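Residue numbers (my numbering): 1 to 418.
Glycine residues also receive a C-beta, built at the ideal position from the N, C-alpha and C atoms.
Values in this document were obtained by computation on a predicted structure and should not be read as measured data.
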Ligand code: AMP
């Protein structure tokens with residue numbers, strides 16, 4: 001009888017990291033890090049990246065995306081004394097995290113990864129760049145500064161990673177990204193990751209990618225291990241309800257999202273007054289304050305981190321038990337990103353959203369986006385002084401999940417191709 005050929009992905013699922021064809025030094029680093037099997041995005045993306053093809057990924061955060069691109073990139077690198085790979089990240093924290101992961105996975109390989117971002121002095125970056133790192137992980141603004149001063153040489157670049165591109169779009173970085181891409185060699189491999197793909201990103205993808213393979217790992221769906229709840233409350237009792245929630249549940253690590261920096265500062269102050277151990281993170285805080293807040297929260301020095309959306313994308317905090325949206329996010333993508341901080345790597349997590357009258361449109365948009373209705377909760381024993389006025393809600397329609405268009409569009413676009 002003829003033997004049925006098994007799909008390569010199945011084989012990797014069965015046989016784990018060792019069947020991905022990665023070099024031994026990388027497998028050693030992965031084992032040392034304690035990973036026993038590759039995640040879905042790693043199974044799908046690593047073979048494509050190893051083959052040298054371009055790739056678009058709509059991967060959910062917290063799924064092991066960084067290793068999915070760092071491992072195959074490192075596989076092909078050795079000490080060249082030239083910059084071969086550039087990774088662009090929207091925020092300093094993400095850039096730091098990704099560069100750390102390159103260093104961890106590449107610890108048994110003689111390659112040098114450096115980090116370039118704003119908010120810190122130029123001195124160390126200049127020193128590192130002069131050592132001609134094989135991998136540069138950067139935020140766009142500071143990289144452009146260095147490029148303008150001739151501190152970075154991208155002539156030998158053969159791999160470009162544009163990570164969290166929807167976040168770059170939100171932060172107004174796409175013009176900078178285009179300028180950087182325009183100065184990279186045309187013959188290269190390009191990997192583009194974005195949780196959502198609005199038209200601007202589709203246009204960028206058509207311009208930067210050449211017949212990309214697509215890897216879709218549950219875009220715009222929060223991890224299934226997260227339980228969601230909406231707590232309707234009158235605006236005047238929001239903080240009281242937050243405190244009551246914090247007291248009721250045995251929270252170990254709670255990330256609270258506020259819409260504004262001033263709001264985040266106020267909540268943090270009030271929580272401190274209520275004897276909670278709190279750190280704050282938003283873009284008005286200095287880089288060292290942001291680092292201290294994040295490190296303290298990761299270590300458990302602070303049980304609560306109050307943040308604006310700067311912390312909602314990609315930041316890797318292993319054990320966030322609860323995410324609380326003190327303010328409902330304005331845009332549904334942000335809900336998914338905020339919630340992505342909990343339930344990471346298949347752990348359980350709770351996502352709580354405080355909801356006030358007048359916010360029904362936002363709530364409906366979120367429910368449409370994630371394709372399900374979130375249950376409404378009332379906190380037992382909490383004295384609701386005002387009954388929250390809820391506007392009548394219409395049933396939600398399932399939203400079509402938009403991924404990247406097929407390549408035919410990029411063929412039609414007539415834009416620069418490699
Ligand atoms: P990322 O989506 O890249 O932010 O990764 C999320 C977390 O998953 C990070 O803490 C990684 O260290 C971890 N991780 C990545 N790959 C694996 C794996 N194969 N097994 C277990 N943890 C992993």
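Query                                                                                                                            : Result
Residue 3 - DSSP class collapsed to helix/strand/coil                                                                            : Here the model assigns residue 3 a pLDDT of 44, short of 50, so the residue's position is not dependable and the matter cannot be decided.
Residue 213 - DSSP class collapsed to helix/strand/coil                                                                          : strand
Beta strand (DSSP E) segment containing residue 122, residue limits                                                              : Where residue 122 is concerned, there is no enclosing beta strand (DSSP E), given that its DSSP letter is neither H nor E.
Check: residue 37 C-beta below 7 angstroms from any heavy atom of the ligand AMP                                                 : yes
Euclidean distance between Cα positions of residue 286 and residue 37                                                            : 38 angstroms
Short Cβ contact (8 angstroms threshold) for residue 354 with residue 204                                                        : no
Continuous beta strand (DSSP E) stretch holding residue 162: start and end                                                       : 159 to 162
Exposure label - residue 155; buried when at least 16 CB within 10 Å                                                             : exposed
Residue 188 (DSSP reduced to helix, strand or coil)                                                                              : coil
Residue 202, buried or exposed, once every other Cβ within 10 Å from all chains shown has been counted against 16                : buried
Close beta carbons around residue 8, own chain, < 7 angstroms, minus the five adjacent residues each side                        : 47
Through-space distance from residue 44 to residue 72, alpha-carbon basis                                                         : 12 angstroms
Delimiting residues of the beta strand (DSSP E) encompassing residue 105                                                         : Segment 92 to 105 is the alpha helix (DSSP H) holding residue 105; no beta strand (DSSP E) there.
Separation of residue 164 from residue 409, as counted between CA atoms                                                          : Residue confidence is low: residue 409 scores 38 on pLDDT, short of 50, so the model does not pin down where it sits. Its coordinate-derived value is still stated next. Roughly 22 angstroms separates the two Cα atoms.
Own chain, CB closer than 6 angstroms to residue 102, minus 5 neighbours either side, in chain order                             : 70, 113, 135
Per DSSP, cross-strand counterpart(s) of residue 168                                                                             : DSSP, once it has assigned bridges, lists no residue as partnering residue 168.
Distance cut-off 7 angstroms: residue 138 Cβ against heavy atoms of the ligand HEM                                               : Because the ligand HEM does not appear in the structure shown, any question about it cannot be addressed here, the ligands present being the ligand AMP.
7 angstroms CB neighbourhood of residue 18 in its chain, flanking five on each side removed                                      : 27
Which of helix, strand or coil DSSP assigns to residue 381                                                                       : coil
Counted within 10 angstroms of its Cβ, other Cβ atoms place residue 235 as buried (16 or more) or exposed                        : exposed
Which listed residue (180, 191, 75, 169) has its alpha carbon closest to that of residue 199                                     : 169
Proximity below 8 angstroms, CB of residue 274 to CB of residue 243                                                              : yes
Cβ pair residue 105, residue 67 closer than 8 angstroms                                                                          : yes
Nearest candidate by alpha-carbon position, reference residue 256, set 247, 281, 248, 232                                        : 281
C-beta atoms of residue 83 and residue 157 nearer than 8 angstroms                                                               : yes
Inter-residue Cα distance where the pair is residue 197 and residue 383                                                          : 43 angstroms
With 16 other Cβ atoms within 10 Å as the buried cut-off, status of residue 295                                                  : exposed
Nonlocal neighbours in the same chain, by C-beta distance under 8 angstroms from residue 237, ignoring five residues either side : 384, 385, 386
Residue 107 Cβ short of 7 angstroms to the ligand AMP heavy atom set                                                             : no
From 175, 179, 210, residue whose alpha carbon lies closest to that of residue 188                                               : 210
Where the alpha helix (DSSP H) containing residue 227 begins and where it ends                                                   : Here residue 227 belongs to no alpha helix (DSSP H); instead the beta strand (DSSP E) covers 226 to 232.
Segments of 3+ residues assigned as beta strand (DSSP E) that fall wholly inside the segment 22 to 46                            : none
Any chain C beta carbon closer than 8 angstroms to residue 323                                                                   : Checking the listed chains, one finds no chain C in this structure; it contains a single protein chain.
Inter-residue Cα distance where the pair is residue 304 and residue 251                                                          : 9 angstroms
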